[in-house]
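Novice: Have a look at this one.
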Amino acid sequence: MLESLAFALVKTLISFMFQQHLEESQAVRMEGAPAWYYRQAENQLCESAFAQGGLEAVEASKSNARAQLVTRINRAMDVVIYDNFRNRRDPAERDLIDRFRLDADLPVFVDGSAVDENLEYREQQRTAYARACLPKEKLVSYQTERVGKLRKSVTLHRRDRGFEEMDADVGKPAKK
């Protein structure tokens with residue numbers, strides 16, 4: 107039961123994100139921005155960002171692009187769960203879904219896995235532009251691994267709870 111739910115979570119998230127990617131892949135042109143700004147790459151999830159200032163804006167724009175990737179993945183997760191899994195009543199299923207939605211390690215994963223595809227500083231504008239991309243395969247394997255760990259922890263929690271209930275029953279007098 108939990109395996110099929112976990113598989114459905116990952117499959118639905120990935121298909122939603124890359125359907126969203128296809129919808130956003132039309133060329134968006136921002137006046138004053140580089141030609142690659144807001145363009146999507148094939149089989150990657152990309153976010154563009156900018157920061158104004160001196161050369162320190164370069165690092166700020168890279169950080170902003172990665173933060174936007176995290177935000178985009180979290181929003182996609184919320185939409186997928188709301189659209190497909192909001193009516194789950196089983197406590198174990200709800201626990202798995204809630205744990206999957208709340209991913210404290212996502213920013214670390216994005217920082218370690220995203221690639222800075224483009225980076226440009228325009229001195230006249232005093233603006234740095236950056237685009238960070240996350241390969242689809244890395245996102246799929248990360249989410250699949252997460253679901254496996256969550257499913258295992260939910261199963262272990264249920265097992266421990268079952269042992270606690272058995273221990274509590276042992277101390278009770280037998281019914282006549």
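Numbering follows our numbering, with no gaps: position 105 of the sequence shown is 211. No residue lacks a Cβ here, since even glycine has one placed at the ideal position from N, Cα and C. On a predicted model such as this, the values are computed, not experimentally measured, just so you know.
1) Can you tell which of F269, K255, V246, C239 has its C-alpha closest to the C-alpha of A171?
2) Excluding the 5 residues flanking A163 on each side, which residues of the same chain have their C-beta closer than 6 Å to its C-beta?
3) Would you report the Cα separation of H127 and L151, rounded to the nearest angstrom?
4) Alpha helix (DSSP H) containing W188: first to last residue?
5) Suppose contacts are defined by Cβ-Cβ distances below 9 Å. Is F191 in contact with A114 by that definition?
6) Leaving out the 5 sequence neighbours to the left and right, which residues in its chain are closer than 6 Å to N149 when beta-carbon positions are compared?
7) Counting C-beta neighbours from all protein chains within 10 Å, is the total for R237 16 or more, i.e. buried, or is it exposed?
8) Got a sec? Which residues, its chain only, sit under 6 Å from V221 by beta carbon, not counting five neighbours each side?
9) Please return the same chain residues whose Cβ sits closer than 7 Å to the Cβ of L175, not counting the five positions on each side in sequence.
10) Just the Cα atoms here: how many angstroms apart are V185 and R228?
11) May I ask you to report which of helix, strand or coil DSSP gives F269?
12) Assign D222 to one of three DSSP states: helix, strand, or coil.
13) Do I187 and F206 have their CB atoms nearer than 9 Å?
14) Tell me which residue opens and which closes the alpha helix (DSSP H) that P197 is part of.
15) Along the beta strand (DSSP E) that carries E137, what are the first and last residues, could you check?
16) Who pairs with T233 in a beta bridge, going by DSSP?
Specialist: The structure says:
1) Mapped onto the sequence shown, residue 171 falls at position 65. The shortest C-alpha separation from A171 is found at C239.
2) By 1-based counting over the sequence shown, the position of residue 163 is 57. So the list reads A157, A234, once near-sequence residues are dropped.
3) Stepping through the sequence shown from its first residue, residue 127 is reached at position 21. Stepping through the sequence shown from its first residue, residue 151 is reached at position 45. Any reading at H127 must be qualified, since the residue scores a pLDDT of 48, below 50, and its modelled position is unreliable; no value is offered.
4) The residue you call residue 188 lines up with position 82 of the sequence shown. Note that residue 188 corresponds to Tyr in the displayed sequence, not to Trp. For Y188, the enclosing alpha helix (DSSP H) stretches over residues 162-191.
5) Mapped onto the sequence shown, residue 191 falls at position 85. Mapped onto the sequence shown, residue 114 falls at position 8. Annotated as proximal: F191 and A114, with beta-carbon spacing under 9 Å.
6) Residue numbering aside, residue 149 sits at position 43 when the sequence shown is read from its first letter. K242, listed in sequence order.
7) By 1-based counting over the sequence shown, the position of residue 237 is 131. Buried, by the Cβ-count rule.
8) Taking the sequence shown and counting its residues from 1, the one referred to as residue 221 is at position 115. Here the set comprises C239.
9) Locating residue 175 in the sequence shown gives position 69, where the first residue counts as 1. For L175, where only same-chain residues beyond five positions count, the Cβ hits under 7 Å are L151, E153, V216, A220, A238, L240.
10) Within the sequence shown, residue 185 is the residue found at index 79, counting from 1. Within the sequence shown, residue 228 is the residue found at index 122, counting from 1. Rounded to the nearest angstrom, the gap between the Cα atoms of V185 and R228 is 36 Å.
11) Here the question's residue 269 lines up with position 163 in the sequence shown. In the structure shown, the three-state DSSP call for F269 is helix.
12) Within the sequence shown, residue 222 is the residue found at index 116, counting from 1. D222 falls in the strand class under three-state DSSP.
13) Counting from one through the sequence shown, the residue named residue 187 turns up at place 81. Counting from one through the sequence shown, the residue named residue 206 turns up at place 100. Cβ atoms of I187 and F206: closer than 9 Å.
14) Residue mapping note: residue 197 aligns to position 91 of the sequence shown, counting from 1. Taken as a continuous stretch (DSSP letters only), the alpha helix (DSSP H) holding P197 covers 197-207.
15) Reading the sequence shown from its first residue, position 31 is the one you call residue 137. Where E137 is concerned, there is no enclosing beta strand (DSSP E), given that its DSSP letter is neither H nor E.
16) Here residue 233 is taken as the residue at index 127 of the sequence shown, counted from 1. T233 pairs with Q158, R228.
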